[in-house]
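Participant: One structure, as structure tokens, below. Some questions next.
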Amino acid sequence: MIFRITQIWYGYGAIVPDYGHGGGWMDLKYLRYITEIADERNISKAARKLGISQPSLSIHLAKLEEELGGPLFLRNRNELVPTGTGALYVRTAREMLRMKEDLYRRISDLTLGDSGYIPVGIFQNIGGRMVASVYPKFAALYPKVRVDITDARFQTLYEGLMRDIIRFAFVALFKLEAPDLQFEIIKDEEFVLALPADHPSAAAASASTKIDLAGMMSERFLLAPPGTVRRQVEDDLFARSGFEPRVNGEVHNLRTMTEMIAAGSGIGLVPRGYIDPSRKIAYFSLIQHPRWQLVAAWKDNATLSLAERDFIELAREYYDAHHSYL
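Residues -18 to 307 in the numbering used here are what the sequence shown lists, from first letter to last.
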């Protein structure tokens, strides 16, 4: 088994053939467009979910309705409600998309067999020990399958998924919202407040003792950079706590941040998986319960093979049994 680890790996996405059958009503793209409109009951929301413009989606719908000879949706109190024809179309479209998904999965399993290649993404700061543990177990199941690991930030992993460079990735999300992705929740994780062991409040600290973050508004904080998932957690927490933090610096790497906290450079928020009793750091739980979700994510129209699903299941078993990233 070949196993390669890279920090950031760039490549070209696969070209997906057009499986249309002449008329738009049999085009799989149209099928998904219509099921998304039915789910969202709103053209604008459906267009955002699909990653296309509202006018473009409206044109697709109008052309399809013209082909079929009647409306698929009627407007009712600012909602789009399927007509009888629309309801039939949506039911049939869902079944056809399910059949396509099942077909692709079966073909993928046959193609992969006892050999193959799986590019996997892991979220920086939280995936290293999991991969080290899961790899030998996966290798025992699939000894001829090559696994490449891309260790990167969320945005890089997201772009890799969208460009078909990565098949699936283990990432953390603040809210379970990620355009064009499917995901399965692996674990829900709370953040704790970390402060130097010689801080005046440290004597009362424990990871189970809950405090209000508002009581720390005079402190200087170490934050994650803007645009990161951790920063989304932090910004939401400070908004709910009613104050803007005094920022002593921005640090992306959690290990670096905990070293700086231990050295007295500020206080900050860390996932519970980063609690380290051996460091000179005290921890408090917060009554605001800041948290993120660790998920396995893949491109919305991708079909995972049996081997890929087995890798995800092994990762789930690991995180169920291990709560530390250190």
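Heads up, the beta-carbon is just placed ideally off N, CA and C, and yes, glycines get one too. None of the values given here were measured: they were computed from a predicted structure.
Return the residue from the list 217, 233, 68, 247 that minimises the CA-CA distance to residue 227.
Facilitator: Cα-wise, what sits closest to residue 227 is 247.
Participant: Using only the alpha-carbon positions, how far apart do residue 146 and residue 100 sit?
Facilitator: If you take the alpha carbons of residue 146 and residue 100, they lie about 7 Å apart.
Participant: Residue 51 to residue 64, Cα distance in whole Å?
Facilitator: If you take the alpha carbons of residue 51 and residue 64, they lie about 9 Å apart.
Participant: Could you tell me the distance, in whole angstroms, from the CA atom of residue 287 to the CA atom of residue 119?
Facilitator: If you take the alpha carbons of residue 287 and residue 119, they lie about 12 Å apart.
Participant: Roughly how many angstroms separate the alpha carbons of residue 291 and residue 181, rounded to a whole number?
Facilitator: One C-alpha to the other measures close to 48 Å.
Participant: According to the neighbour-count rule (16 or more other Cβ atoms, all chains shown, within 10 Å of its Cβ), is residue 245 buried or exposed?
Facilitator: Classification for residue 245: exposed.
Participant: Going by the DSSP bridge assignment, what does residue 266 pair with across the sheet?
Facilitator: Its beta-bridge partners are 191.
Participant: Considering only residues of the same chain and omitting the five flanking positions on each side of residue 183, which have a CB-CB separation below 8 Å?
Facilitator: So the list reads 176, 177, 263, once near-sequence residues are dropped.
Participant: Using 8 Å as the threshold, is the C-beta distance between residue 202 and residue 254 below it?
Facilitator: For residue 202 and residue 254, no; Cβs fall outside 8 Å.
Participant: Which residue from 46, 209, 47 puts its Cα closest to that of residue 138?
Facilitator: Residue 209 is the option with its Cα nearest to residue 138.
Participant: Where does residue 1 land, buried or exposed, given buried means 16+ other C-beta within 10 angstroms?
Facilitator: No answer about residue 1 holds up, because its pLDDT of 40 lies below 50 and its placement is not dependable.
Participant: Where does residue 306 sit, in a helix, a strand or coil, going by DSSP?
Facilitator: Looking at residue 306 - three-state DSSP - the assignment turns out to be coil, as it is neither helix nor strand.
Participant: Below 7 Å CB to CB, which residues in the same chain sit around residue 215 once its five sequence neighbours on both sides are set aside?
Facilitator: The residues are 204, 205, 250.
Participant: Please give me, in chain order, every unbroken run of the beta strand (DSSP E) with length at least 3 that falls completely inside the stretch 51 to 76.
Facilitator: Fully enclosed beta strand (DSSP E) runs of 3 or longer: 54 to 57, 60 to 63.
Participant: Within the stretch 224 to 281, note down every full beta strand (DSSP E) run reaching 3 residues or more, in order along the chain.
Facilitator: Correct list: 227 to 231, 249 to 252, 262 to 267, 272 to 280.
Participant: What's the C-alpha gap between residue 5 and residue 131?
Facilitator: Model confidence at residue 5 stands at a pLDDT of 47, short of 50, so the residue's coordinates are unreliable and nothing is read from them.
Participant: Could you work out which residue in 269, 16, 157 is closest to residue 79 when comparing CA atoms only?
Facilitator: Looking at the Cα atoms, 16 is the closest of the given residues.
Participant: What residue range does the beta strand (DSSP E) around residue 127 cover?
Facilitator: Unbroken beta strand (DSSP E) run through residue 127: 125 to 133.
Participant: Closer than 6 Å by C-beta to residue 155: which residues in its own chain qualify, once you throw out the five before and the five after it? Chain order, please.
Facilitator: Excluding positions up to five away in sequence, the list reads 210, 213, 214, 273.
Participant: Roughly how many whole angstroms lie between the Cα atoms of residue 124 and residue 295?
Facilitator: Whole-angstrom Cα-Cα distance: 15 Å.
Participant: Looking at the secondary structure, which residues open and close the beta strand (DSSP E) in which residue 169 lies?
Facilitator: Segment 162 to 177, the beta strand (DSSP E) holding residue 169.
Participant: Go ahead and label residue 73 buried or exposed: buried means 16 or more other beta carbons lie within 10 angstroms of its beta carbon, across all protein chains shown.
Facilitator: When all chains shown are included, residue 73 counts as exposed.
Participant: So, helix, strand or coil for residue 100, using DSSP?
Facilitator: Reduced to three states, the DSSP call for residue 100 is strand.
Participant: According to DSSP, is residue 155 part of a helix, a strand, or is it coil?
Facilitator: If DSSP states are grouped into helix, strand and coil, residue 155 belongs with coil.
Participant: Could you check whether the stretch 276 to 285 touches the stretch 157 to 170, counting it as contact only if at least three pairs of C-beta atoms, one from each stretch, sit closer than 8 Å?
Facilitator: Yes, they touch.
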